[in-house]
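The C-terminal residue of the sequence shown carries number 414 in the working numbering, and the numbering is unbroken.
For every residue, glycine included, the Cβ atom is placed at its ideal position computed from N, Cα and C.
One structure below.
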Amino acid sequence: MHAAAARIRTLSPIHFLQLSLASCAALFLVVTSGAFVRLTGSGLGCENWPRCGDKPYPEQGFHAFVEFGNRLVAVVGLVLTLVTWLGARRVERLPTRARYAALGAFLVAAAQIPMGAITIALDLHPLAVMTHFLLALIVVALAVVVSVEAWSLVSGLARPAGPRWLRRFVTWVGVPACAALVVTGAVATASGPHPGADEDVKRLGLEIADTVYVHVRVAAAFGIGVLFIGWFLWRLRDRYPGLLRLWWALLAVLVAQAILGEVQYRSALPWGLVLVHVFLAASIWALSVALTYAFWRPPAALASTGRQ
């Protein structure tokens, strides 16, 4: 009886991996729907929070339904981060760091609720909107860490990849460079023609040409770093072929993002292209975090060296 009760309380690694991936997918949807709210000018579709006007739900109007839909998507993401954290507590042999990452993802996702209310109360001040977006990416990063750990639990854990200095370079140079890429992109978006609402919204007061100038150069520096890392991964391809495939995925998305960025800028930033640009930015961030973490704790599925 005690053994049966223990099995009920325990969550299998494969089910936890599926749960963590579902959480990641939901969080990507949150980022995308949040960008959709801004780009369609629906940020003040519901002028208060958590209600939408005098009712707890929107009665009419495209912008109101878009904003309220984003709130519902955010709730789904929050619930999945909570369930993932609760599930992490029931998975045997899951490292403590993964449990903390799952808890962190839930707490930051929960912090998005008051942050959303503050953003509306401040009439979509660009700094509040950027904070809202960047917090969402922090949640994504933590969820990615949980997913990589869950993958290692299913497939086994291989030895750290490459020399220690390379892993440190990827961690302390690569990730901050990617963060700078995302932040400068957020500043460029905040300086563009999509303030988030039809009403007069306070802007940063920066010229879009200046912010894009900085963003492009940060992107170039990050791209050089990605190529540098890829050269070492090519040398490690026999031992860590999966890491090289992960790097190829990052490079492909980065190239697509660069092309799209150029096209959207020369096309006067149509909101549809900007929306895809935001989604690809989140993808680059998630892939960078996954690759960095996998350098230190690679799932055996990414390596040919077997388990530790």
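Determine the closest residue to residue 289 out of 300, 314 and 321, with distance taken between C-alpha atoms. Looking up residue 289 in the sequence shown gives position 183. Closest option to residue 289, Cα to Cα, is 321.
Quick check: what's the CA-CA separation for residue 406 versus residue 255? Translated into positions along the sequence shown, residue 406 becomes position 300. Translated into positions along the sequence shown, residue 255 becomes position 149. If you take the alpha carbons of residue 406 and residue 255, they lie about 11 Å apart.
For residue 367, collect the residues of the same chain with a Cβ closer than 7 Å to its Cβ; drop the 5 residues on either side in sequence, then sort them by chain order. As a first step, residue 367 must be located in the sequence shown, where it is residue number 261. Taken in chain order, the residues that qualify are 383.
Can you give me the C-alpha to C-alpha distance between residue 117 and residue 128, rounded to a whole angstrom? Here residue 117 refers to the residue found at position 11 when the sequence shown is read from its first residue. Here residue 128 refers to the residue found at position 22 when the sequence shown is read from its first residue. In a straight line, the C-alpha of residue 117 is about 15 Å away from that of residue 128.
Flag this pair as yes or no: are the beta carbons of residue 283 and residue 349 separated by less than 7 Å? Counting from 1 along the sequence shown, the entry for residue 283 is found at position 177. Counting from 1 along the sequence shown, the entry for residue 349 is found at position 243. Cβ atoms of residue 283 and residue 349: not closer than 7 Å.
Sort 385, 395 and 399 by Cα distance to residue 138 and report the nearest one. Counting from one through the sequence shown, the residue named residue 138 turns up at place 32. Checking every option, the nearest Cα to that of residue 138 belongs to 385.
Beta-carbon proximity check, residue 399 vs residue 260, cutoff 7 Å: Counting from one through the sequence shown, the residue named residue 399 turns up at place 293. Counting from one through the sequence shown, the residue named residue 260 turns up at place 154. 7 Å or more divides the Cβ of residue 399 from the Cβ of residue 260.
Could you check the C-alpha separation between residue 123 and residue 357 for me, to the nearest Å? Sequence index remark: in the sequence shown, residue 123 carries index 17 (1-based). Sequence index remark: in the sequence shown, residue 357 carries index 251 (1-based). Computed Cα separation, rounded: 25 Å.
Per the contact definition of three or more C-beta pairs closer than 8 Å, is the stretch 262 to 280 in contact with the stretch 215 to 224? No, they do not touch.
Compute the Euclidean distance between the alpha carbons of residue 257 and residue 408, then round it to the nearest angstrom. Position 151 of the sequence shown holds residue 257. Position 302 of the sequence shown holds residue 408. The straight-line gap from Cα to Cα measures roughly 10 Å.
Three-state secondary structure assigned by DSSP to residue 269: If you number the sequence shown from 1, residue 269 lands on position 163. Three-state DSSP puts residue 269 in coil, outside helix and strand.
For residue 119, count neighbouring C-beta atoms within 10 Å of its own C-beta (all shown protein chains included) and say buried if the count is 16 or more, exposed if not. Locating residue 119 in the sequence shown gives position 13, where the first residue counts as 1. Under this definition residue 119 is a buried residue.
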